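Visitor: Just passing along the structure, written as structure tokens.
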Amino acid sequence: MAYEESGRDRPVEPSSGVPAAVLENVFDDPAHGEPGRDRLGVHVGWEFLLLAGLAALGWLLWRADPDVLRGAALRTLLVNAVGLGLLALSAGLSLRTAAPNLAVGPVAVAAALHYAEQGDRGLAASVGSAAVAAALGGLVLALAVVVLQVPGWAASLAGAAAVVVYIERRSAPVLVQGDYEPARSAGYLFAGFAAVAVLGGVFGAIRSIRKLVGRYRPVADPARRRGALAAVITAFALICSTVLAALAGTLLAANNPGPVTPDSGLDWSLLAVGVSLLGGTSAYGRRGGVFGTVLAVSLVTVFLTYAPERGWTVSLWAVGGVAFGVGLVVTRLVETFGRPRPGNLDKLEPVGDGTISTGWTMARSQPADNWPPTLPTPPAPQPVDPWRDPRWEDGPRRWDADDR
Numbered sequence: 004m005a006y007e008e009s010g011r012d013r014p015v016e017p018s019s020g021v022p023a024a025v026l027e028n029v030f031d032d033p034a035h036g037e038p039g040r041d042r043l044g045v046h047v048g049w050e051f052l053l054l055a056g057l058a059a060l061g062w063l064l065w066r067a068d069p070d071v072l073r074g075a076a077l078r079t080l081l082v083n084a085v086g087l088g089l090l091a092l093s094a095g096l097s098l099r100t101a102a103p104n105l106a107v108g109p110v111a112v113a114a115a116l117h118y119a120e121q122g123d124r125g126l127a128a129s130v131g132s133a134a135v136a137a138a139l140g141g142l143v144l145a146l147a148v149v150v151l152q153v154p155g156w157a158a159s160l161a162g163a164a165a166v167v168v169y170i171e172r173r174s175a176p177v178l179v180q181g182d183y184e185p186a187r188s189a190g191y192l193f194a195g196f197a198a199v200a201v202l203g204g205v206f207g208a209i210r211s212i213r214k215l216v217g218r219y220r221p222v223a224d225p226a227r228r229r230g231a232l233a234a235v236i237t238a239f240a241l242i243c244s245t246v247l248a249a250l251a252g253t254l255l256a257a258n259n260p261g262p263v264t265p266d267s268g269l270d271w272s273l274l275a276v277g278v279s280l281l282g283g284t285s286a287y288g289r290r291g292g293v294f295g296t297v298l299a300v301s302l303v304t305v306f307l308t309y310a311p312e313r314g315w316t317v318s319l320w321a322v323g324g325v326a327f328g329v330g331l332v333v334t335r336l337v338e339t340f341g342r343p344r345p346g347n348l349d350k351l352e353p354v355g356d357g358t359i360s361t362g363w364t365m366a367r368s369q370p371a372d373n374w375p376p377t378l379p380t381p382p383a384p385q386p387v388d389p390w391r392d393p394r395w396e397d398g399p400r401r402w403d404a405d406d407r
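According to my numbering, the sequence shown is numbered sequentially starting from 4.
Encoded structure:
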């Protein structure tokens, strides 16, 4: 005989034993995650340190050369920050979906070379064709990642090799043929970048959106598929990441008065991923801050401007390596102090039936100790006194019969 119980056949979270449907509105990852919601206090603390470092470095740059923070030099500095910021957004978006895109640097260099060669055709034609090519390349990369279920860094590294082959077809630097001057609208470009980065961080702090974006993050065997929705979100993120990298390369080429040098661009990939990690984005995916990307991009841009003022010769490899190393430490902090608080499982209550999510509550089922149920044990019989038997009073008495 079978008995039906709502939620009986649903998956159970391994560490807590609570039905996943009940915890869907409480866990960030109800299938395998820890009970509770991610904590954002660690991001606030780290972003405060980034802001303090940016203020100190900006003051040092002002003392070294105040003219760098005025007029045309400031506008050039802002455009450089936007170019690096687009690369950091590109890397950060792929990191959030747990599919890091290491091809962003080569894609940016390839787009810069394309704009340098085709810029005389007009901004829309040159940038549009580069964006379309980047979208198609991102689509191929996304299909390789989500269909083959392989790590994003591995597939994107293979894609980077293909882009480097395209770059190496140029044997000499290419002069920019276009006349677009992004410095004229430097303030608007930086404000737009900052708005996109901050709004992305704000939306990424919302639990449902963070859970959706980070759905591809492995929770058990990394070779297991995470579902069609996770594949679609990851594919979309990789396509957008590649397009953002192409736009960043075009902007940097237009802002640079010199020729575009054909190099591998892997140093830009290292710098982009390092800045994204430095801003508080976790290398494992899903977790990230709000203002961290803007602050980290500004900090690195100011340092790249301050170093020549002090006579220091630094390469992108060195800056990217330091940012990457510090970013890995930040990832450890984010994963350690950003996870849900322990002990939240005792506070969980059912929030719905888990099927149609109408908000109706269900009574918690009581555990059954014994099945089938047993009948109550009857009390032990009391001993009967033979001299109190009713037969002695109701039956005929012999001495009465003899008297008759």
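Here a beta-carbon is modelled for each residue, glycine too, at the ideal position from N, C-alpha and C.
Note that the coordinates shown come from a computational prediction; the quantities given were computed from them, not determined experimentally.
Taking 7 Å as the limit between beta carbons, can you name the residues of its chain near ARG229, skipping five residues before and five after?
Guide: Around ARG229: ARG218 and TYR219.
Visitor: Between GLU3 and the rest of its own chain, which residues show a CB-CB distance below 6 Å, the 5 nearest in sequence each way excluded?
Guide: Since the displayed the chain opens at 4 and closes at 407, residue 3 lies outside it and no answer follows.
Visitor: Could you tell me which of THR334, THR316, LEU298 and VAL337 sits nearest to LEU60, measuring between CA atoms?
Guide: It is LEU298.
Visitor: Opposite GLY263 in the DSSP bridges: which residues?
Guide: One point to set straight first is that residue 263 is Val, not Gly, in the sequence displayed. Answer is VAL177, bridged to VAL263.
Visitor: Assign PHE30 to buried or exposed, taking buried as 16 or more other Cβ atoms, counted over all protein chains shown, within 10 Å of its Cβ.
Guide: Its pLDDT being 46, under 50, PHE30 is placed unreliably by the model, and the measurement read from it follows with that caveat. So PHE30 ends up on the buried side.
Visitor: Specify, as a first and last residue, the run of the alpha helix (DSSP H) that ALA189 falls within.
Guide: Its alpha helix (DSSP H) spans residues 189–208.
Visitor: Name the residue from GLY282, PRO262 and LEU273 whose alpha carbon lies nearest to the alpha carbon of ALA175.
Guide: Measuring from the Cα of ALA175, the nearest candidate turns out to be PRO262.
Visitor: Go to LEU49, then tell me how far its alpha helix (DSSP H) extends in each direction, as first and last residue.
Guide: Checking the sequence shown, residue 49 turns out to be Trp, not Leu. Segment 44–67, the alpha helix (DSSP H) holding TRP49.
Visitor: Flag this pair as yes or no: are the beta carbons of GLY323 and LEU274 separated by less than 8 Å?
Guide: Yes; because the gap between Cβ atoms is below 8 Å, this pair is in contact.
Visitor: How many Å lie between VAL166 and LEU53 at the Cα?
Guide: Roughly 34 Å separates the two Cα atoms.
Visitor: Please go through the region 112–185 and give each complete beta strand (DSSP E) segment of 3 or more residues, from N-terminal end onward.
Guide: Those beta strand (DSSP E) runs which fall completely within the region 112–185 and span 3+ residues do not exist here.
Visitor: Go ahead and pull the three-state DSSP assignment for ARG99.
Guide: If DSSP states are grouped into helix, strand and coil, ARG99 belongs with the helices.
Visitor: I believe VAL153 touches ALA145 by the beta-carbon criterion, under 8 Å. Please report the beta-carbon distance rounded to the nearest angstrom.
Guide: That pair is no contact at about 12 Å.
Visitor: Less than 8 Å between the beta carbons of ALA106 and PHE193, yes or no?
Guide: No, the pair does not count as a contact, with Cβ atoms beyond the cut-off.
Visitor: Between which two residues does the alpha helix (DSSP H) containing PHE239 stretch?
Guide: Unbroken alpha helix (DSSP H) run through PHE239: 231–258.
Visitor: Could you say which of LEU81, PRO69 and HIS46 lies nearest to ASN259 if we only look at CA atoms?
Guide: Of the listed residues, the one whose Cα sits closest to ASN259 is LEU81.
Visitor: How is PRO311 classed by DSSP in three states: helix, strand or coil?
Guide: The answer is helix: DSSP assigns PRO311 an H, G or I state.
Visitor: Kindly indicate the opening and closing residues of the alpha helix (DSSP H) around SER279.
Guide: Here the alpha helix (DSSP H) through SER279 covers 269–281.
Visitor: By a C-beta neighbour count over all protein chains shown, 10 Å radius and 16 as the cutoff for buried, is THR237 buried or exposed?
Guide: THR237 should be labelled buried.
Visitor: Is the distance from the Cβ of ALA321 to the Cβ of VAL303 below 8 Å?
Guide: Not closer than 8 Å, so no.
Visitor: Look at the Cβ atom of GLY277, then the Cβ atom of GLY330, and state whether they are nearer than 8 Å.
Guide: Yes. Within cutoff.
Visitor: Given a cut-off of 8 Å, decide if GLY207 and GLU50 are closer than it, judged by their beta-carbon atoms.
Guide: Contact flag unset, no.
Visitor: Beta-carbon separation of GLY131 and LEU255 under 8 Å?
Guide: Going by C-beta atoms, GLY131 is not nearer than 8 Å to LEU255.
Visitor: Which residues mark the beginning and the end of the alpha helix (DSSP H) in which PHE334 is found?
Guide: Phe is not the amino acid found at residue 334; the sequence shown has Thr there. Taken as a continuous stretch (DSSP letters only), the alpha helix (DSSP H) holding THR334 covers 319–340.
Visitor: To the nearest angstrom, how far is it from the Cα of LEU1 to the Cα of LEU280?
Guide: Because the chain spans 4 through 407 in this model, residue 1 falls outside it and cannot be assessed.
Visitor: Cα-Cα, which of LEU64, TRP315 and ARG342 is closest to VAL305?
Guide: Out of LEU64, TRP315 and ARG342, LEU64 has the C-alpha closest to the C-alpha of VAL305.
Visitor: If you run the structure through DSSP and keep just helix, strand and coil, what is PRO343?
Guide: Coil.
Visitor: Going by C-alpha to C-alpha distance, which of ARG289, ALA233 and ARG42 sits closest to LEU150?
Guide: It should be pointed out that residue 150 corresponds to Val in this sequence rather than to Leu. Cα-wise, what sits closest to VAL150 is ALA233.
Visitor: Determine whether the beta carbon atoms of PRO265 and LEU90 lie at a separation below 8 Å.
Guide: Cβ atoms of PRO265 and LEU90: not closer than 8 Å.
Visitor: CB PRO109 to CB SER267, shorter than 8 Å?
Guide: Closer than 8 Å, so yes.
Visitor: Given a threshold of 16 other Cβ atoms within 10 Å of its Cβ, counted over all protein chains shown, does ILE242 qualify as buried or as exposed?
Guide: By the neighbour-count rule (16 or more Cβ atoms within 10 Å), ILE242 is buried.
Visitor: Cutting at 7 Å between CB atoms, please list the residues of its own chain near THR253, excluding the five before and the five after it.
Guide: Closer than 7 Å at the Cβ level, and outside the excluded window around THR253, lie ALA114, ALA115, TYR118, VAL130 and ALA133.
Visitor: Could you name the residues of the same chain whose beta carbon sits closer than 6 Å to that of ALA101, not counting the 5 residues immediately before and after it, in chain order?
Guide: Correct list, in chain order: TYR219, ARG220 and GLY288.
Visitor: Just to confirm, are LEU98 and THR296 a CB contact at a threshold of 8 Å?
Guide: No, the Cβ-Cβ distance between LEU98 and THR296 is not below 8 Å.
Visitor: By the three-class DSSP mapping on this structure, what secondary structure does ARG218 have?
Guide: Helix.
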